[in-house]
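Have a look at the structure below, then the notes.
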Amino acid sequence: MYISGPVTGKDFVNREKMLGSLNRHAENRQYCCLIGLRRTGKTSLMIKTMEYLSPEWSSGYFNVQNSIAVPEQFAVTYVGSILFWVLHRQGLVSETTQPHFFDLNYVQRQALALSNQRVSRYLLDMADALGRREINYNQVISQAFSFPQILSDAFDHPLAIFIDEFQDIVQMDAYGIDSLKVFRSITQMQTGVWYCLAGSSIYRLNQVVNSQQSPLYGQYRTFVVGQFEFDAARKLMAQQANESIPEPILRLLYYFTGGYPFYMAVLAGATAAIAQRESRLIDEDAFILSIAEEVATPGGAIAMHCREVFETRLLQATQSTVSRQIMHYLAHNQKSKAADVARSIGRSTDYARQILVRLVEGDLLHVHKRRYAISDPILAFWLAHSYFDIEINPLAMINFAATKARLVETLRQELLPALKTQSELDLESGKDNRYLLST
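According to our numbering, the residues represented by the sequence shown are 26 to 464, in order.
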């Protein structure tokens with residue numbers, strides 16, 4: 026029904042302008058950084074850029090979250106992952122998928138395909154550094170970050186390195202490493218390598234690349250990977266539905282989801298499937314039922330995604346017991362001031378503001394003109410209509426069929442008119458602005 030991982034080939038939709046921009050920045054060796062919410066297509070864009078670059082380029086990909094346990098494992102996985110991708114794209118490895126774990130012996134065996142003495146010597150030096158009784162973490166990490174230039178020299182052509190969830194690299198600072206400073210000191214001397222970073226922790230990655238206090242300040246051009254424009258959204262939803270969706274329903278899907286590709290893909294596919302299952306046209310009722318099944322039902326694809334994002338980021342942001350109260354209030358009262366939030370939880374404004382700032386830093390909220398709102402419109406909807414009202418409400422779950430029926434009727438009476446009004450206003454004005462759902 027929808028694609029759960031990075032998309033490739035004909036499934037890759039939109040982002041053509043960004044692809045062109047990334048290619049130009051690569052040619053000029055101007056580093057880039059992709060920032061956006063989860064499931065907006067950052068990894069897909071990185072992989073597509075590998076294909077988009079001119080044939081002279083080699084490319085490597087690395088996800089920081091797969092290897093952040095200890096510095097020595099990070100170093101080996103960084104080197105192994107980049108080597109695997111470069112060899113894979115050169116047709117020099119037999120594996121079709123990247124290994125989950127790397128050890129240095131495996132990496133050394135894979136490097137034999139290059140028949141390059143400099144790469145072999147580099148890996149022997151890495152083995153020596155890792156084999157010492159007391160490992161010098163700064164040395165090992167510096168050696169790892171040096172590897173892309175070694176490969177570029179070995180191939181005698183430029184190398185593009187894509188590093189996903191880059192903001193998590195600072196976790197190695199717990200071992201006495203100034204990770205960002207080391208990364209900058211090594212990469213700024215590399216002439217044959219272009220870097221593209223990405224991450225879904227918007228606040229943290231912004232701090233890493235755009236804060237004046239960061240060693241990387243001013244070195245990366247930031248691209249926001251966000252919502253689709255309507256024409257691209259229409260193409261994506263038609264692909265996911267495997268049939269033509271009436272224009273009014275396309276617009277309802279578009280405005281409800283805010284134009285975010287994952288949500289559009291899930292709901293477009295679900296809307297078409299419901300219509301087929303019930304032998305009906307793709308209409309407003311099928312659209313409403315898709316929301317009830319995929320967003321409001323605990324086992325729905327969007328509900329599971331929202332739950333994972335909410336619980337993970339809430340835990341990372343704050344241990345405060347009132348944080349859920351604050352999220353409950355904002356789910357029903359978007360764009361509220363700190364004083365309003367404070368009154369709702371019976372605490373001082375200063376105390377509420379401290380928690381709000383942590384929730385902003387955890388990417389659950391954003392603040393504009395001193396008003397706080399949940400960053401993701403569908404997460405806000407899920408919190409208001411599913412999590413607080415259904416999932417943690419035993420009475421609602423006892424007779425879920427009746428609960429779902431009431432929700433469907435509420436959506437028909439309240440959500441549909443709001444979405445239609447916004448769509449009509451934008452059609453009259455010639456805009457296609459997303460309707461950021463206010464619950």
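For every residue, glycine included, the Cβ atom is placed at its ideal position computed from N, Cα and C.
In this text the structure is predicted, and so the values were computed from the model without any measurement.
For residue 414, the three-state secondary structure derived from DSSP is helix. Linking residue 395 to residue 381 through their CA atoms gives a straight-line distance of about 11 Å. Short of 6 Å from the beta carbon of residue 123, and not among the five residues preceding or following it, lie these beta carbons of its own chain, in chain order: 109.
Less than 9 Å separates the beta-carbon of residue 297 from that of residue 270.
In terms of Cβ geometry, residue 277 and residue 233 do not form a close pair [threshold 9 Å]. At least 9 Å separates the beta-carbon of residue 183 from that of residue 208. For residue 118, same chain residues with a beta-carbon under 6 Å away, outside a window of 5 residues either side, are 112 in chain order.
The beta-carbon separation of residue 356 and residue 441, rounded to 20 Å, does not stay under the 8 Å limit for a contact. For residue 159, the closest alpha carbon among the candidates 78, 138, 97 is that of 97. Beyond the five residues adjoining it in sequence on each side, residue 59 comes within less than 6 Å, by CB distance, of 67, 223, 248, 250 in the same chain, given in chain order. Of the candidates 115, 95, 116, 91, the residue whose Cα lies closest to the Cα of residue 106 is 91. Within a 10 Å sphere around the beta-carbon of residue 95 sit fewer than 16 other beta-carbons, which makes this residue exposed. By the CB criterion at 9 Å, residue 361 and residue 412 fall outside the cutoff.
Assignment of residue 234 by DSSP, reduced to helix, strand and coil, places it in the helix class. For the 9 Å CB-CB criterion, residue 86 and residue 71 form a contact.
With a beta-carbon spacing of about 6 Å, residue 177 and residue 218 fall inside the 8 Å limit used to define contacts. With a cutoff of 9 Å on beta-carbon distance, residue 330 and residue 64 are scored as near each other. Boundaries of the beta strand (DSSP E) around residue 185: 184-189. Judged by their CB atoms, residue 399 and residue 359 are nearer to each other than the 9 Å cut-off. Non-local beta-carbon contacts of residue 334 in its own chain, meaning distances under 7 Å to residues more than five positions away in sequence, involve 63, 404 in chain order. Apart from the 5 residues on each side of it in sequence, residue 353 sits with its Cβ closer than 6 Å to the Cβ of 413 in its chain, given in chain order. Three or more beta-carbon pairs drawn from the region 258-274 and the region 283-294 are found closer than 8 Å, and the two stretches are therefore classed as touching. When the Cα atoms are used, residue 424 and residue 351 turn out to be separated by approximately 28 Å. In this structure, the alpha-carbon of residue 427 lies about 16 Å from that of residue 417. The straight-line gap separating the alpha-carbon atoms of residue 410 and residue 313 is approximately 13 Å. Scanning 367, 339, 376, 432 for the CA closest to the CA of residue 226 turns up 339. For residue 218, the three-state secondary structure derived from DSSP is strand. DSSP, read as helix, strand or coil, puts residue 399 in strand.
By the criterion of a C-beta distance shorter than 8 Å, residue 141 is surrounded in its chain by 179, once the five residues flanking it on both sides are discounted. For the pair residue 185 and residue 392, the Cα-to-Cα distance works out to about 35 Å. Per DSSP, the unbroken alpha helix (DSSP H) holding residue 145 starts and ends at 142-155. Apart from sequence neighbours up to five positions away, the residues of its chain that approach residue 383 with a beta-carbon distance below 7 Å are 342, 343, ordered along the chain. DSSP places residue 99 in the uninterrupted alpha helix (DSSP H) bounded by 96-114. A distance of 9 Å or more separates the beta carbons of residue 216 and residue 49.
For residue 335, the enclosing alpha helix (DSSP H) begins and ends at 326-342. Scanning its chain for C-beta atoms nearer than 7 Å, with the 5 sequence neighbours on each side dropped, one finds around residue 174 the residues 215, 217, 218, in chain order.
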